[in-house]
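Working notes, structure below.
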Amino acid sequence: MPASSARPKVTAIPVAKEPKRQRGIARVARLLDAGASVFAEQGYKAATMTEIAARAGAPIGSLYQFFPNKDVLADALVARYGEHVTAALDRICEQAPELDGADLADRLLDVMVAHASERSLALSLLDARWEQPGVRPGVLRESLRRHIADCLAAWRPQLGDDERQAMAVVLLQAMKSLAQLHEEKRYTGKSEALAQWRGWVRRYLSDF
Numbered sequence: 511m512p513a514s515s516a517r518p519k520v521t522a523i524p525v526a527k528e529p530k531r532q533r534g535i536a537r538v539a540r541l542l543d544a545g546a547s548v549f550a551e552q553g554y555k556a557a558t559m560t561e562i563a564a565r566a567g568a569p570i571g572s573l574y575q576f577f578p579n580k581d582v583l584a585d586a587l588v589a590r591y592g593e594h595v596t597a598a599l600d601r602i603c604e605q606a607p608e609l610d611g612a613d614l615a616d617r618l619l620d621v622m623v624a625h626a627s628e629r630s631l632a633l634s635l636l637d638a639r640w641e642q643p644g645v646r647p648g649v650l651r652e653s654l655r656r657h658i659a660d661c662l663a664a665w666r667p668q669l670g671d672d673e674r675q676a677m678a679v680v681l682l683q684a685m686k687s688l689a690q691l692h693e694e695k696r697y698t699g700k701s702e703a704l705a706q707w708r709g710w711v712r713r714y715l716s717d718f
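See below:
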């Protein structure tokens, strides 16, 4: 066969194994919790699969059974954070028609504050791996914007699509900024700054 017609070699990308039974689901949850702890303490590059398995009290083979390498485990932790945040946003969507602007603002702002430690870990994992193929922080961002836009559609059905999408961008940025202000350990005027930021978002939504 001529070299020009040879098919390129396809390399399979490792993916996490989905557990089928309740016992496997519980085991994966323990492995993810252990991975989160080790990554948070040691950083992505220094963490080892051996340490993570030991932290979970699991054989190393069990860890590799579900997560073929450290990248796959990190991806699973980022995905779990996204699932937790989007689940919280889905609950807000269900309640949105009954909320006024100030209430909706508070519910949205509280989402990332409530998941602050998970968010910090997810961002650190994405930052440590941003040069690797397949690492796309924008995927998570777009998913969150879409869920926020869905909440706005449930809250104010009369909003146009362009207006709703623009508001979702503004609100996601506001949510991230408030979480960052919360994460800073101490600074002069912290309580007042948090109150002012929250008040601005309440007023922003109250105008609609």
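Numbered per our numbering, the sequence shown spans residues 511 to 718.
Built from N, CA and C at the ideal position, the CB exists for glycine as well.
**Message:** Between Phe576, Arg655 and Arg639, which has its C-alpha nearest Leu599's C-alpha?
**Reply:** Arg655
**Prompt:** Secondary structure at Asp637, three-state DSSP: helix, strand or coil?
**Reply:** helix
**Prompt:** So which of Leu619, Ala626, Ala703 and Ala597 has the shortest CA-CA distance to Ala678?
**Reply:** Leu619
**Request:** Mind checking which residues open and close the alpha helix (DSSP H) that includes Phe549?
**Result:** Gln532 to Gln552
**Item:** Whole-angstrom C-beta distance between Leu541 and Phe577, which should lie under 8 Å
**Value:** Cβ atoms of Phe577 and Leu541 come within 8 Å of each other, at about 7 Å.
**Asked** Can you name the start and end residues of the alpha helix (DSSP H) that Glu673 belongs to?
**Response** Asp671 to Glu693
**Message:** Suppose contacts are defined by Cβ-Cβ distances below 8 Å. Is Val548 in contact with Glu561 by that definition?
**Reply:** yes
**Message:** Looking at the secondary structure, which residues open and close the alpha helix (DSSP H) in which Leu715 lies?
**Reply:** Lys700 to Ser716
**Item:** alpha helix (DSSP H) segment containing Tyr697, residue limits
**Value:** Note, Tyr697: premise wrong, no alpha helix (DSSP H); not H, not E.
**For Leu681 and Val711, the rounded distance between their alpha carbons** = Rounded to whole angstroms, the separation of the alpha carbons of Leu681 and Val711 is 8 Å.
**Request:** Would you please state the rounded distance, in angstroms, between the beta carbons of Val595 and Val621? I believe it to be under 8 Å.
**Result:** 6 Å
**Prompt:** In this structure, does DSSP put Gln668 in helix, strand or coil?
**Reply:** coil
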